[in-house]
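Protein chains in written order, with our numbering: chain R, -18 to 147; chain E, -18 to 147; chain A, -18 to 147.
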C-alpha cells in the first residue's frame, strides 16, 4: 500500500503545481480582454480587495481605484481609437499559497492604418491563493525605456528561479 | 479503499482539465506557424470538417474555404513581404466536450526595415473535443478599431468565466 | 488492484506530459527577461553546456558564446534605448527526453515615443531533459522577411505534429 500512497502523493503534488501555473496563466490572460472591454467587475475580481497596481509615474492605485482607473482619460482614449493590452506568457515562481509572475505587457493603439505600440513594459505580479482562486495582491509595471528600474523588475523575478529551472 | 478511489477521481478530473487547457493552447499556437508557412492541411485539420472562420468585412469562410483562404491575394501579399500571425495566450472556458477560448491576434508585416502591425483583433474560438483531439468549430475575429463589436467579443468570453476565476 | 495500477499509470503518463509542456513554456518565457536584464548566468543555464544559438547572418554561437553575445554592440544598443525580447506561446512536440518547440520572437525597441519591432522571426528550439530540468540544445532563429528559409523553419516544426493535434 505504501507504493500506492507514495505515488498518489507525488501525483497530487505535481498536479497541484501544474493546475496552479495554469490558473495564473488564465488570470493574467483575462487582464487585457477585461480592460479593453470595460469589464470593470472582472478587473476588480482579479485583485484581492486591498490589492495594488503600481504603474509608475504617479501614485499606485489601491483597492477600488485599481479597477476604476479604466474610467481615466488615458484609458478611455485608447479604447476610443481601438486598443489591445497584450500580456506575454509569464514565468511563474510558486511558493505554496503565494506566487510571483514576471512578464511583458504592450498596449497597441490603432492609428487608422496600423497599430502603434504606445506602452511596452516589464511586469511583476504578486499573487495569492484565495477562496475565490488565485488573485493579484500587487502588480508593478514599468516602461522599458532604457532606464535601470524596468530591467531590475525583470531581474528580480529571475532571482527567485530555482537553479534547476534557470 | 474509498480514500484511494476519491483521490484517484479528483486527480483524474484535475488532470483532464489541465490537459484539455494545454491541448487548446497547443492548437491555437499552431495557427500562426501554419498560415505563415502555407501548411494548408494543418490549417484544415485545426477545424472540424464543417467549421467556420468569420473574420468580418466579408462572408464567413465555411468548410474547405477556411484553409483555402491562404491562397487569397491578401494573405499571399503578407507572405511575400514577410509576415507573422501571432496569437496571445488565450483564456479558456471548458464545458466538458466543448470550450471557448478568447484572445488577441496580430499580423506583423515586414516593411523592409521594421515590422508593422497591419491587423490587430479580438478572437473568439469555439472548440469541440473530437476523436482527433480538440478542434475549432468557429473562429470569430474582429479588428480592434474603436468600434463596439470587437470589444463585445472580448466581453462575451469574460461573461462565461466562473466568478472564482475572474 | 489492476484497475488502480492502470489508472495510476495513465495519470503518471499524462501528468508528466503536462508538466514537461509547462516546464518548457517556463523556460522559453524566461529568455526575454533574462536577455533584457543582462542576466548572463540565467541565459547560460537555459542551454546545455555545449548548446548552440544560430540566429542567421553570422556563425552560430556555441557554448559560452551563447550567453556572452549579450555583451555585443547590437544587444547593448537595444538595452540602452529600451528593449523587449518577446516570445510567443510555442507549440511543443515531446519525444521522451527530448522536445522541439516552435514559436515567434519579436524585439521591440523604444524610439522615444513608441516601440518599433526591429526583429521578428521564427524559432525552432531543440530541447533536452537534464538533471537540471529542460534545457536548450539548439535554438535556430530566422527573420520573417519574405524569404523561404524562415517559413520552412515553421513548417519543419509542424511536420512533427501528431495528426491528431494538427
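Glycine included, every Cβ here is placed at the ideal spot set by N, Cα and C. Since this is a predicted model, take the numbers as computed values, not measurements.
| Check | Outcome |
| --- | --- |
| Enclosing alpha helix (DSSP H) for residue 30(R) [first to last residue] | Run containing residue 30(R): none in the alpha helix (DSSP H); it sits in the beta strand (DSSP E), 28 to 35. |
| Candidates 119(R), 9(R), 137(R): closest to residue 46(R) by CA position | 119(R) |
| Residue 76(A) vs residue 133(R) beta-carbon contact at 9 Å | no |
| Residue -5(R): contacting residues in chain A (beta-carbon distance under 7 Å) | -4, 0 |
| Below-9 Å beta-carbon distance, residue 106(R) vs any chain E residue | no |
| Members of the segment 83 to 105 of chain A that neighbour chain R once the beta carbon cut-off is set at 7 Å | 89, 91, 95, 96 |
| Neighbour list for residue 149(R) in chain A, Cβ cutoff strictly below 8 Å | No answer is possible for residue 149(R): it lies beyond the span of chain R, which begins at -18 and ends at 147. |
| DSSP beta-bridge partners of residue 58(A) | None, per the DSSP bridge assignment. |
| Alpha carbon of residue 10(R) to alpha carbon of residue 84(E), nearest angstrom | 8 Å |
| Closest Cα partner of residue 58(E) within the set 143(A), 21(A), 127(A), 7(A) | 127(A) |
| Proximal residues of chain E, C-beta to C-beta of residue 132(A) below 8 Å | 17, 18, 19, 60 |
| Which of helix, strand or coil DSSP assigns to residue 187(R) | In the structure displayed, chain R extends from -18 to 147; residue 187(R) sits before or after that span and is not available. |
| Cβ-Cβ distance between residue -12(E) and residue -7(R) below 9 Å | yes |
| C-alpha gap between residue 8(R) and residue 123(R), whole angstroms | 20 Å |
| CA-to-CA distance, residue -10(E) to residue 5(E), given in whole angstroms | 23 Å |
| Continuous alpha helix (DSSP H) stretch holding residue 44(E): start and end | Note, residue 44(E): premise wrong, no alpha helix (DSSP H); not H, not E. |
| Residues of its chain near residue 86(A), where Cβ-Cβ distance is below 6 Å and the 5 sequence neighbours each way are ignored | 68, 102, 104 |
| Whole-Å CB distance - residue 202(A) paired with residue 108(A), under 8 Å assumed | For residue 202(A) there is no data in the structure shown, the boundaries of chain A being -18 and 147. |
| CB contact flag (residue 27(A), residue 36(A), <9 Å) | no |
| Cα-Cα separation between residue 24(A) and residue 110(A), rounded to whole angstroms | 17 Å |
| Simplified DSSP assignment, three categories, for residue 97(E) | strand |
| Cutoff 7 Å; reference residue 51(R); Cβ partners in own chain excluding five residues on either side | 16, 19, 21, 24 |
| Burial state of residue 90(R), where buried means 16 or more other Cβ atoms lie within 10 Å | buried |
| Residue 61(A) beta carbon less than 9 Å from that of residue 138(A) | no |
| Helix, strand or coil at residue -16(E) [DSSP, three-state] | helix |
| Residue range of the unbroken beta strand (DSSP E) whose run includes residue 127(R) | Run containing residue 127(R): none; DSSP gives neither H nor E here. |
| Near the ligand SAH: residue 63(A) beta-carbon under 8 Å from a heavy atom | Among the components modelled here there is no ligand, and therefore nothing to report on the ligand SAH. |
| Rounded C-alpha distance that separates residue 141(R) from residue 29(E) | 43 Å |
| Rounded separation between residue 136(R) and residue -15(R) - CA only | 41 Å |
| For residue 68(E), the residue or residues it bridges with in DSSP | 86(E) |
| Residue(s) in a DSSP beta bridge with residue 120(E) | 34(E), 106(E) |
| Cβ-Cβ distance between residue 80(R) and residue 31(R) below 9 Å | no |
| For residue 148(R), three-class secondary structure by DSSP | Because residue 148(R) is not part of the residues shown, which for chain R are -18 to 147, the question remains open. |
| Three-state secondary structure (DSSP) of residue 142(R) | coil |
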